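Undergrad: Chains as they are written, first to last, in my numbering: chain A, 3 to 281; chain B, 3 to 281; chain C, 3 to 281; chain D, 3 to 281; chain E, 3 to 281; chain F, 3 to 281. We put the CB at the ideal spot given by N, CA and C, even for glycine. Quantities reported herein were computed from a predicted structural model and do not represent experimental measurements. Would you mind keeping the following structure in view while I ask a few things?
Number of protein chains: 6
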Amino acid sequence: MTDKELELLINTALKEDIPQRDITSENIISEDHISKANILAKEEGILAGIDVALIVFQCIDPSLHFTKKFKDGDKFKKGDILAVLEGKTISILKGERVALNFLQRLSGIATLTNKFVEKVKGTGVKILDTRKTTPGLRKLEKYAVRVGGGVNHRMSLSDMILIKDNHLAIIGNISKAVEKAKEKVGDRVKIEVEVKNLEELKEAMEAGADIIMLDNMSISEIKKAVKIVKGKIPLEVSGKIDLDNIKKIARTGVDFISIGKLTHSYKSIDISLEILKES
Amino acid sequence: MTDKELELLINTALKEDIPQRDITSENIISEDHISKANILAKEEGILAGIDVALIVFQCIDPSLHFTKKFKDGDKFKKGDILAVLEGKTISILKGERVALNFLQRLSGIATLTNKFVEKVKGTGVKILDTRKTTPGLRKLEKYAVRVGGGVNHRMSLSDMILIKDNHLAIIGNISKAVEKAKEKVGDRVKIEVEVKNLEELKEAMEAGADIIMLDNMSISEIKKAVKIVKGKIPLEVSGKIDLDNIKKIARTGVDFISIGKLTHSYKSIDISLEILKES
Amino acid sequence: MTDKELELLINTALKEDIPQRDITSENIISEDHISKANILAKEEGILAGIDVALIVFQCIDPSLHFTKKFKDGDKFKKGDILAVLEGKTISILKGERVALNFLQRLSGIATLTNKFVEKVKGTGVKILDTRKTTPGLRKLEKYAVRVGGGVNHRMSLSDMILIKDNHLAIIGNISKAVEKAKEKVGDRVKIEVEVKNLEELKEAMEAGADIIMLDNMSISEIKKAVKIVKGKIPLEVSGKIDLDNIKKIARTGVDFISIGKLTHSYKSIDISLEILKES
Amino acid sequence: MTDKELELLINTALKEDIPQRDITSENIISEDHISKANILAKEEGILAGIDVALIVFQCIDPSLHFTKKFKDGDKFKKGDILAVLEGKTISILKGERVALNFLQRLSGIATLTNKFVEKVKGTGVKILDTRKTTPGLRKLEKYAVRVGGGVNHRMSLSDMILIKDNHLAIIGNISKAVEKAKEKVGDRVKIEVEVKNLEELKEAMEAGADIIMLDNMSISEIKKAVKIVKGKIPLEVSGKIDLDNIKKIARTGVDFISIGKLTHSYKSIDISLEILKES
Amino acid sequence: MTDKELELLINTALKEDIPQRDITSENIISEDHISKANILAKEEGILAGIDVALIVFQCIDPSLHFTKKFKDGDKFKKGDILAVLEGKTISILKGERVALNFLQRLSGIATLTNKFVEKVKGTGVKILDTRKTTPGLRKLEKYAVRVGGGVNHRMSLSDMILIKDNHLAIIGNISKAVEKAKEKVGDRVKIEVEVKNLEELKEAMEAGADIIMLDNMSISEIKKAVKIVKGKIPLEVSGKIDLDNIKKIARTGVDFISIGKLTHSYKSIDISLEILKES
Amino acid sequence: MTDKELELLINTALKEDIPQRDITSENIISEDHISKANILAKEEGILAGIDVALIVFQCIDPSLHFTKKFKDGDKFKKGDILAVLEGKTISILKGERVALNFLQRLSGIATLTNKFVEKVKGTGVKILDTRKTTPGLRKLEKYAVRVGGGVNHRMSLSDMILIKDNHLAIIGNISKAVEKAKEKVGDRVKIEVEVKNLEELKEAMEAGADIIMLDNMSISEIKKAVKIVKGKIPLEVSGKIDLDNIKKIARTGVDFISIGKLTHSYKSIDISLEILKES
């Protein structure tokens, strides 16, 4: 994501929040009033998006000073001051909500990802995200997954072949689908195949899949799958993963676990902006 | 939101998901293959965004037929078919993820809002959202809140005056802030004031606030506030609301309860698209 | 309006004026020729838009020096030098027309607004604009109204409820319209009602309107309206206002007078850019 | 101007007027209510922009029926119904202001242009506009000039060479400027030269100017200029033209008169939209 | 590429070619004049972009009829009528140049690609393009390569890992570079390595490269490389390929040959639009 | 072309090349690694677009240092270092391909143009381009033609009248077409007429054409045309021009020769970017 792209996204967000003027601040605070403000953690988490917050304020007023106290990837606790702002009060107040809307979401994703990553520590398993991202925010959300210690699954439909149940419903069988794909891309792109049971798993292996995704299988089936594959190709587990069952799945010997909720159902981290009263 | 604006947002989302081509479907499925597909609820909820899903598919391929089986605001249960698609298979598969990414999020918001609305039924209290919306999606998310039975708080910084703690940190006291605001907008815009305790509440009333927001007060304080105000101006409660405590708050006699998590920490509803196997 | 939004508008204007190249200046003046130029008032007025002019030149060539001699809101007379430019001659000439097109219009609005404001001085009446603004320029034009001493009426259809004759043609009567509006927005937004006669005025008062607009009433009717309302709610007069009749209307005791021509039929102020001959 | 470009401009205008929702109409009128409405002339004029108005309504709601009763270039009088709309009431009301904002301005330009054109009837003189157009609206405004019977001066800095006083301040003399221009464009583009007196006029003729603009000259000087030029090259008069003096100028025998106020200081024509009461 | 994206590109091209109006056609041809026109091949080739041409005309005037006589991928010869247009003459003339500018380039690419494809027929070698595409036209140009029988190399920096000489200049050796890449993407993306000699080839094989690109090697070296690799991983040849030497390279037994000039130095095919004289 | 326009074009190109991330460089090179790199000529040519390359790198990372060693218009030979880059390695690698894609094309145009210009040296003939430019790149490509010593034909349909065979197919004869054009633009714009034979040439002269284009005539016809015209109006030759026949055509005494292939079929100049190994 180039800076220009990010600026475009931020400006869309600013236009949404301030289509005309900030009729509260601009009417009651004088234009040249100067403040200092803290960006304050109200609960613990892993920080992601502090530079996005910085650029929000720069888009509004390049003369604001924004001093980072934590950087992306840092663990913070309740009460920590994440950044300090100084400059025109009206500029700070105009950027507050949009900056926090980015920061709270991205930190929410990094924090949730990190919880899963911690759970599988030592197993060698990698936590993957999915394409279930918020429209318009994919690059940022996938960035936050990386910040939390996760690894990105494919970024889009354009960068990897993943043959799923809907494709198989049309093509009929895995061998034929893989064969067609290889014919067109000529071994130049990885081919992943989603399988629902051990028969499909074997078919995918024989067809020459590069990666196999075990979709919604039970622990015991996953264990059998691991035995069948014997490390010849990587295995990814997907479906119904939560913080309670992930450790058990990770211990089966699979390589990847992909989790939709990292980006579709995370919780925003509580972060606020507080203007410091003059003393 | 005009159709054009929505199309722009959808096209951004599509470009994110298909920056170049869908290298799976376009390589293994023939261009003129036709399918029928169901959009299927995997859990219960309140539907929101079915027309957004429709427009996603129209942006990709205007020749697709999309038949709505449920409409926004309808309650659906697990297993319900929400809509049926017919047309080019590749077009259906290209739109699947983006359509669902919108539909699952908006239905998530409508469903959560509706749970709160149900809790306060009979009390006359209205459930409000906040400006804690996802960058780029505010209009859609606020629409989903209305679909769920909620009422929109202000849409942006431009359409209502809300004097908050950060303003008071600068101006010093409520009376002065309200006075300045009235001077500039000449009684033409509602002025809401956020108060943290009963002293501030009284000051705001005397200053002529049109609405007062009780921020993070205890139930007993809220009760006292209701007694003080005696129905002369509307009261809004904000801060730390959840499905467990909302009923108690609603019964205090306040008019509005605003809830950030309606838009900042909702859970996507599980909805999938399934291509029907030819028989 | 963020700087980015303004830059976008300015770039549209520049593209209109220089779709390819400035084939006069670029062909006859050498690229590194340096000039000094004055932005010169050819008639008196109130300045508005000097920063817009500045940004026009910055968009073309960030190395140009632009020194403001007057600032927005200042009164200037014929012959005053409003700003001085120094830098590449070709850059100055490329920005000349677009900068003046903004500056002359915005100063025209500020100047006209100010004439009306001067007329009502001492009466306490506030001069309002309308939504009859030039497509694409609303924020700038409403800004120019404020520079001239006016107050902004609503910025858009999204920020205030104004029930007009067309609404009443559909709903049937004022009470019902106001009631519906209150039901939906729950006392959270000001409701203004446009009335054509004293009966409607009374109906609007009883219905609980927050502001009443007297549309195209005679002076004597306005006087009666003021007596009926007795200061309980603000009154706005609208329709056929000019510099000759405004004082009489202002003296009736109303609170606001809204004037469409501030933005739909103003006269551009004559301002020119003159390159200084080298001596 | 392609339809797409116009749609972009219209959507910008719509976003300005309805950044979020139309909180009046959408709250008090039911979504499926149908109306008929007239676009009504409140004073006489020459129509321009009726198709722009049509596209505004199509951008909001393609299902609206818009029946033109007059077409661009037609003369209308007070009370004439210019067009009739039928369809969803809310859609009509959402487009009303933006459609009229275009229609009133463009008809204002066509009407004013036509008054000048009528004044010079029989003299063979052509009325020209200038580049003093509203930022963002140049193509539409220049179109309205043509509708009113005028002829467009250059559309931009890219399509004709016009050597003005500021160029001469730098180059020093007309001969040198014209020579440089011819050298670069090789006789491929018309070269117009602005002159302030008869000496400069002669110099421009000798230098080989294709057209000469007489800037701010008195009637008697203009007459002398006509005698000097003897029809060899076209003459354009510019500066301080109004409806009172234009006839006299036209009779001097010049070819063109250019008038900035056609686009910088016109008056919007009073046109309104009226929903028809159901009977 | 969605239709919307293509429309955006086309509109940019149209704005470039008609920033204001078509001052020839619009001034000399009446607005309602109807014509029939042929899109005519002036030399032989492989057609690509006929639908782009169609959309160009639809963007200008949706009422034009465009009848395709050939479709993308078809071979045409000099004198063939590729498509027939009927409708408003001015609309046809406005779209002519832009439609041809797309059509001639894309057909140029498809034709050149096809010549290379024909040369390697029977060898099993696949012809690849590169990222040396025209800024703004990558998707269209890569589409034209497919139309001509080629296969697309990676679409962008985001969809495959290709370790090139510049990376190796930094990392130092191939093993380390491949190891780092695998560590980050965890076997999920194909890794291609560019090698300059046989030592590097062996190192890349040992490091576990998925594909190896032989950059600028001699035929004899390529033959040795094929022997070393023994079909275990695909080989791609790159650098200094032309129609004369490609057959010899293809016969060495490599899998892919990538050719920059397919998109950076192709020749436009001569195609014209001819209005039919009325008889 | 303002800097903003160019930035927009560059950002489109960057988004094409890096829709998500550079998954090679970002995964194997550390974020703070610093490099020095040369932009190196691999063959001789005339440089054009060095500032475009510079802005590409600035769009990616404003902290990169880019030192120009040659400037546009300079002749360079194989092995010359055209520019030197210093800064973050990842930033250099992300911009490499896009910067070169612009630079190689524009230098290709300048170099080809210059070859034609050299051929006609001493004849006084000017080399013209056409509107056969790459969609989206017209201004840059026409700039490169000027860098190579050529002169721009019209930039677009909006800036000159050129009556071509398609117009004549509709209007019937040249006199009528020229007359109509003059009537509308009133002698304000140059009128060029394309003729296919000497009869049409004479008709165009009599009709008052300002320039005449001889389309696809033989040398002997061109010579006759020159005799007929006797220098009264400029003559342009068009059609089937190459480096072999241009000198002969130039010596006939015509004024301009226009060449489509300058922009539709040029060859990219081989230029590469090489990271310097640390020593």
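What three-state label does DSSP hand C/A227 in the structure shown?
TA: In the third sequence, the residue the question calls residue 227 of chain C occupies position 225. Residue state, collapsed to three classes: helix.
Undergrad: Could you pull out every residue in the same chain whose Cβ sits closer than 6 Å to the Cβ of B/R156, ignoring the five residues on either side in sequence?
TA: The residue labelled residue 156 of chain B in the question sits at position 154 within the second sequence. Hits under 6 Å: M162.
Undergrad: Look at D/V100 and D/D5 and say whether their C-beta atoms are less than 8 Å apart.
TA: In the fourth sequence, the residue the question calls residue 100 of chain D occupies position 98. In the fourth sequence, the residue the question calls residue 5 of chain D occupies position 3. Their beta carbons are not under 8 Å apart, which means D/V100 does not touch D/D5 by this criterion.
Undergrad: Pairing CB atoms from the stretch 63–80 of chain A with CB atoms from the stretch 33–47 of chain A, are three or more of them under 8 Å?
TA: yes
Undergrad: At 4 residues or longer, and completely inside the stretch 217–281 of chain A: list those alpha helix (DSSP H) runs for me, N to C.
TA: 221–231, 248–252 and 263–266
Undergrad: Assuming F/T136 and E/T136 are in contact, meaning their beta carbons sit under 8 Å apart, how far apart are those beta carbons, in whole angstroms?
TA: Taking the sixth sequence and counting its residues from 1, the one referred to as residue 136 of chain F is at position 134. Taking the fifth sequence and counting its residues from 1, the one referred to as residue 136 of chain E is at position 134. At roughly 6 Å, the Cβ-Cβ gap stays under 8 Å, so F/T136 and E/T136 are in contact.
Undergrad: Buried or exposed for C/I285, going by 16 or more other Cβ atoms inside 10 Å?
TA: Nothing can be reported for residue 285 of chain C: it is not among the residues displayed for chain C, which extend from 3 to 281.
Undergrad: With DSSP collapsed to three states, give me the class of D/E196.
TA: Within the fourth sequence, the letter at position 194 stands for residue 196 of chain D. Residue state for D/E196 is assigned as strand, using DSSP reduced to three classes.
Undergrad: Let me check one thing: in DSSP terms, what residues is A/F68 bridge-paired to?
TA: Indexing the first sequence from 1 puts residue 68 of chain A at position 66. Beta-bridge pairing links A/F68 to A/L87.
Undergrad: Contact check, D/S150 vs D/V122 under 8 Å by CB: the rounded distance?
TA: On the fourth sequence, position 148 is the one that residue 150 of chain D refers to. On the fourth sequence, position 120 is the one that residue 122 of chain D refers to. Per the sequence presented here, residue 150 of chain D reads as Gly, with Ser not at that position. In fact, because the Cβ distance is near 13 Å, the residues do not count as touching under 8 Å.
Undergrad: Taking the C-alpha atoms as reference points, what is the distance between E/G241 and E/D217?
TA: Within the fifth sequence, the letter at position 239 stands for residue 241 of chain E. Within the fifth sequence, the letter at position 215 stands for residue 217 of chain E. One alpha carbon belongs to E/G241, the other to E/D217, and they sit about 6 Å apart.
Undergrad: Could you name the residues of the stretch 21–43 of chain D whose beta carbon sits closer than 8 Å to any beta carbon of chain A, in the order they occur along the chain?
TA: P21 and Q22
Undergrad: Beta carbon of F/L170, beta carbon of F/A179: below 8 Å?
TA: The residue labelled residue 170 of chain F in the question sits at position 168 within the sixth sequence. The residue labelled residue 179 of chain F in the question sits at position 177 within the sixth sequence. Contact flag set, yes.
Undergrad: Alpha helix (DSSP H) containing B/S158: first to last residue?
TA: Taking the second sequence and counting its residues from 1, the one referred to as residue 158 of chain B is at position 156. Unbroken run through B/S158: none, as it is neither H nor E.
Undergrad: Just to confirm the assignment, what range does the beta strand (DSSP E) spanning A/I129 have?
TA: Residue mapping note: residue 129 of chain A aligns to position 127 of the first sequence, counting from 1. Note, A/I129: beta strand (DSSP E), K128 to L130.
Undergrad: Keeping to the same chain, check which residues put their C-beta closer than 6 Å to that of D/I31; ignore five residues upstream and five downstream.
TA: Mapped onto the fourth sequence, residue 31 of chain D falls at position 29. Taken in chain order, the residues that qualify are T91 and I92.
Undergrad: Run through DSSP, which three-state label would F/A43 get?
TA: Locating residue 43 of chain F in the sixth sequence gives position 41, where the first residue counts as 1. Under the three-state reduction of DSSP output, F/A43 falls in the strand class.
Undergrad: Span of the alpha helix (DSSP H) holding C/Q22?
TA: Against the third sequence, residue 22 of chain C aligns to sequence position 20. Counting along the chain, C/Q22 falls outside any alpha helix (DSSP H), and DSSP gives it neither H nor E.
Undergrad: So, does the CB of D/S160 fall closer than 8 Å to a CB anywhere in chain F?
TA: Residue mapping note: residue 160 of chain D aligns to position 158 of the fourth sequence, counting from 1. Yes, D/S160 lies at the interface with chain F (some Cβ there is under 8 Å from its Cβ).
Undergrad: Looking at the structure shown, is E/I31 part of a helix, part of a strand, or coil, going by DSSP?
TA: Along the fifth sequence, read from residue 1 onward, the residue named residue 31 of chain E stands at position 29. In this structure, E/I31 counts as coil in the three-state DSSP scheme.
Undergrad: Need the endpoints of the alpha helix (DSSP H) that D/L142 sits in, please.
TA: In the fourth sequence, counting from the first residue as 1, residue 142 of chain D sits at position 140. Per DSSP, D/L142 belongs to the alpha helix (DSSP H) from R140 to V149.
Undergrad: How about B/V187 and A/I25: do their beta carbons lie closer than 8 Å?
TA: For this step, residue 187 of chain B is matched to residue 185 along the second sequence. For this step, residue 25 of chain A is matched to residue 23 along the first sequence. Against a cut-off of 8 Å, the Cβ pair of A/I25 and B/V187 comes out as a contact.
Undergrad: So, is B/P64 buried or exposed, given that buried needs 16 or more other C-beta atoms within 10 angstroms?
TA: As a working mapping, residue 64 of chain B is identified with position 62 in the second sequence. Taking all protein chains in view, the Cβ of B/P64 is surrounded by fewer than 16 other Cβ atoms within 10 Å, so the residue is classified as exposed.
Undergrad: Starting from F/N175, trace the alpha helix (DSSP H) in both directions and tell me its first and last residue.
TA: Residue mapping note: residue 175 of chain F aligns to position 173 of the sixth sequence, counting from 1. First-last for F/N175: undefined, no H or E at that position.
Undergrad: For the stretch 239–258 of chain F and the stretch 67–77 of chain F, state whether three or more C-beta atom pairs, one from each stretch, are separated by less than 8 Å.
TA: Touching, no.
Undergrad: Once you ignore the five residues that flank C/L164 on each side, which residues in its own chain have a CB closer than 6 Å to its CB?
TA: Numbered from 1 along the third sequence, position 162 holds the residue referred to as residue 164 of chain C. Cβ within range, chain order: E194.
Undergrad: Do C/A206 and C/I176 have their C-beta atoms within less than 8 Å of each other?
TA: By one-based count along the third sequence, residue 206 of chain C stands at place 204. By one-based count along the third sequence, residue 176 of chain C stands at place 174. Yes, they are a contact pair.
Undergrad: By Cβ distance, which residues of its chain are closer than 8 Å to B/N168, with the 5 residues on each side in sequence left out?
TA: Within the second sequence, the letter at position 166 stands for residue 168 of chain B. Correct list: empty, nothing qualifies.
Undergrad: Nearest-angstrom Cα distance between B/L11 and A/G138?
TA: Against the second sequence, residue 11 of chain B aligns to sequence position 9. Against the first sequence, residue 138 of chain A aligns to sequence position 136. Distance between the alpha carbons of B/L11 and A/G138: 8 Å.
Undergrad: Tell me, please, whether the CB atom of C/E143 is closer than 8 Å to any CB atom in chain A?
TA: Here the question's residue 143 of chain C lines up with position 141 in the third sequence. Judged by the 8 Å Cβ criterion, C/E143 is not in contact with chain A.
Undergrad: For D/E7, decide whether its Cβ has a neighbour in chain E, counting only Cβ atoms nearer than 8 Å.
TA: Residue 7 of chain D sits at position 5 when you count from the first residue of the fourth sequence. With 8 Å as the cut-off, D/E7 counts as an interface residue toward chain E.
Undergrad: Could you tell me if B/S222 is buried or exposed, where buried requires 16 or more neighbouring beta carbons within 10 angstroms of its beta carbon?
TA: Start at 1 with the first residue of the second sequence, and residue 222 of chain B comes out as number 220. Exposed, because fewer than 16 other Cβ atoms sit within 10 Å of the Cβ of B/S222.
Undergrad: Which bits of chain A does E/V191 rub up against, with CB to CB less than 9 Å?
TA: Locating residue 191 of chain E in the fifth sequence gives position 189, where the first residue counts as 1. Ordered by position in chain A, the residues that pass the 9 Å Cβ test against E/V191 are R156, D161, M162, V191 and K192.
Undergrad: Where does D/E33 land, buried or exposed, given buried means 16+ other C-beta within 10 angstroms?
TA: Here residue 33 of chain D corresponds to residue number 31 of the fourth sequence, with the count starting at 1. So D/E33 counts as exposed.
Undergrad: Apart from the five residues on each side of it in sequence, which residues of its chain come closer than 6 Å, Cβ to Cβ, to D/T254?
TA: In the fourth sequence, counting from the first residue as 1, residue 254 of chain D sits at position 252. In the same chain as D/T254, and ignoring 5 residues on each side of it, the C-beta atoms closer than 6 Å to its own belong to I224, K225 and V228, in chain order.
Undergrad: What do you get for F/D244, buried or exposed, if any count of 16 or more other CB atoms within 10 angstroms of its CB means buried?
TA: Taking the first residue of the sixth sequence as position 1, residue 244 of chain F is located at position 242. With fewer than 16 Cβ atoms within 10 Å of its Cβ, F/D244 is classed as exposed.
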